[in-house]
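Heads up: take any position in the sequence shown, counting from 1, add 38, and you land on our numbering. Just so it is clear, CB atoms sit at the ideal spot from N, CA and C, and this is done for glycine as well. Bear in mind the structure is a predicted one, so any value in this text is a computation, not a measurement.
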Amino acid sequence: MIEKVLNRKNLYKAYRQVVRNKGSAGVDGMKVTELLSFLESNRDRIATSILNHSYVPKPIKGVEIPKSNGKTRLLGVPTVVDRWLQQALSQVLMTKYELTFEEHSYGFRPEKNIHKAVTQALKNINDGPDSYREILWTSTLRDSLTRLTTRFYFN
């Protein structure tokens, strides 16, 4: 499989995707715009180090990004070279495993996200057999009655 990852066409496709995604520099300070010239000089050395099991990814740069609630979240930014290699590996793994995922599996997949997962869940509940609505209604009713009973006896 590693030969497929290191295949020139796959690496070039990965390069194009990293450039398309843009992103900021990692701990080494290399910008996406500098990747091509770096790879022209170092691609073979990197591939050899991977084949020899001596390649070591660089540390990840920690960047705090703001959240909508006013707090921040730590984001790990790999170097551009490591992103290139991650993309090359991802492309090979996707061709191998994507077809085995269930249609309604939404985690970390192309064209899938949490919004689509919630939309599909609501569609299943609203359009599905009456048993979906009955289970949901019964569960909601049972929870409500439990809360009322608990308040009545313990308050």
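Counting C-beta neighbours from all protein chains within 10 Å, is the total for residue i 16 or more, i.e. buried, or is it exposed?
i	result
Val-101	exposed
Tyr-53	buried
Tyr-50	exposed
Arg-121	buried
Gly-64	buried
Leu-123	buried
In angstroms, rounded to a whole number, what distance separates the CA positions of residue i and residue j?
i	j	result
Val-57	Gln-158	32 Å
Ile-88	Asp-165	50 Å
Ile-152	Lys-161	14 Å
Asn-90	Val-43	14 Å
Thr-86	Leu-127	16 Å
Asn-107	Asn-45	44 Å
Asp-66	Asp-82	20 Å
Tyr-93	Gly-114	20 Å
Pro-97	Ser-62	15 Å
Lys-150	Val-156	11 Å
Lys-47	Lys-69	22 Å
Phe-192	Thr-110	Reliability fails at Phe-192, whose pLDDT of 48 lies under 50, so the model's placement of it is uncertain and the value that follows must be treated cautiously. So the two alpha carbons sit approximately 40 Å from each other.
Ile-40	Tyr-135	15 Å
Thr-133	Lys-60	23 Å
Gln-55	Gln-129	10 Å
Pro-95	Ile-103	23 Å
Lys-105	Lys-99	19 Å
Thr-71	Ile-84	19 Å
Gln-125	Lys-154	24 Å
Leu-112	Asn-80	31 Å
With a threshold of 7 Å (Cβ to nearest heavy atom), would residue i be considered close to the ligand FAD?
i	result
Ser-75	Absence of the ligand FAD from the depicted structure is noted, as is the absence of any ligand whatsoever, leaving it without description.
Using a Cβ-Cβ cut-off of 8 Å, state whether residue i counts as contacting chain D.
i	result
Phe-76	Among the chains in the structure shown there is no chain D, since it carries only a single protein chain.
Q: Say whether the segment 62-79 touches the segment 105-125, bearing in mind that this needs 3 or more beta-carbon pairs closer than 8 Å, one atom from each stretch.
A: The segment 62-79 makes contact with the segment 105-125; the number of CB pairs closer than 8 Å reaches 3 or more.
Q. Hey, which unbroken runs of the beta strand (DSSP E) at 3 residues or more fall wholly within the segment 55-141?
A. With a minimum length of 3 residues, the continuous beta strand (DSSP E) runs that stay inside the segment 55-141 are 99-104, 110-115.
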